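Undergrad: Got a structure here, written out as structure tokens. Questions coming.
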Amino acid sequence: TIVFNTLQLGVETELGDVEGAAPVFLTFEVLVLAVFVIEMALKLLALKASYFSDWANSVDMAIVIAGVADVVLTLAGDVADLGVLSLMRILRLVRLLRLGKL
Numbered sequence: 498t499i500v501f502n503t504l505q506l507g508v509e510t511e512l513g514d515v516e517g518a519a520p521v522f523l524t525f526e527v528l529v530l531a532v533f534v535i536e537m538a539l540k541l542l543a544l545k546a547s548y549f550s551d552w553a554n555s556v557d558m559a560i561v562i563a564g565v566a567d568v569v570l571t572l573a574g575d576v577a578d579l580g581v582l583s584l585m586r587i588l589r590l591v592r593l594l595r596l597g598k599l
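Using our numbering, count along the sequence shown one by one with no gaps and you end on 599.
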């Protein structure tokens, strides 16, 4: 998932302006985000309150919530604040790097 999402971010950065590519990128983003949401939910169920004892889990949760907000805003068509969306994508890449221990 980490490698796939990193590749998707790179391809989207390079080819994001190609006509008709936006729905494909959004589909991939939603699929990868779903995996991250499931991972977070499973960790929360397994660790319960101790999930928050590791600051990295809290950061992951914030990034996942930001990713969900990004997708919801994109689907709603309210993407006026592109700076915030860019920041969310950068944070997601930081999460990927942390998870991949790169």
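Backbone N, C-alpha and C define an ideal beta-carbon position, used for all residues, glycine too. Computed from a prediction, not measured in an experiment: that's the story for all the values here.
1) Got a sec, what are the start and stop residues for the alpha helix (DSSP H) Gly-564 sits in?
2) Ordered along the chain, which non-local residues of its own chain (more than five positions away) have a Cβ less than 6 Å from that of Thr-524?
3) Using C-beta distances below 7 Å, list every residue in its chain close to Ser-555, excluding the 5 sequence neighbours before and after it, in chain order.
4) When the Cα atoms are used, what is the spatial distance from Leu-572 to Ala-553?
5) For Val-508, which three-state DSSP category applies?
6) So what does DSSP say about Ala-546, is it helix, strand or coil?
7) What is the C-beta distance between Gly-564 and Leu-530, in whole angstroms, given that I count them as a contact (C-beta under 8 Å)?
8) Tell me whether Glu-536 sits in a helix, a strand or coil according to DSSP, three-state version.
9) Quick check on Glu-526: does DSSP put it in helix, strand or coil?
TA: For this structure:
1) Residues 552-573.
2) Apart from the 5 residues on each side of it in sequence, Thr-524 has no Cβ closer than 6 Å to any other Cβ in its chain.
3) Phe-549
4) 28 Å
5) helix
6) helix
7) Right, their Cβ atoms sit about 5 Å apart.
8) Glu-536 sits in a helix when the DSSP states are folded into three classes.
9) helix
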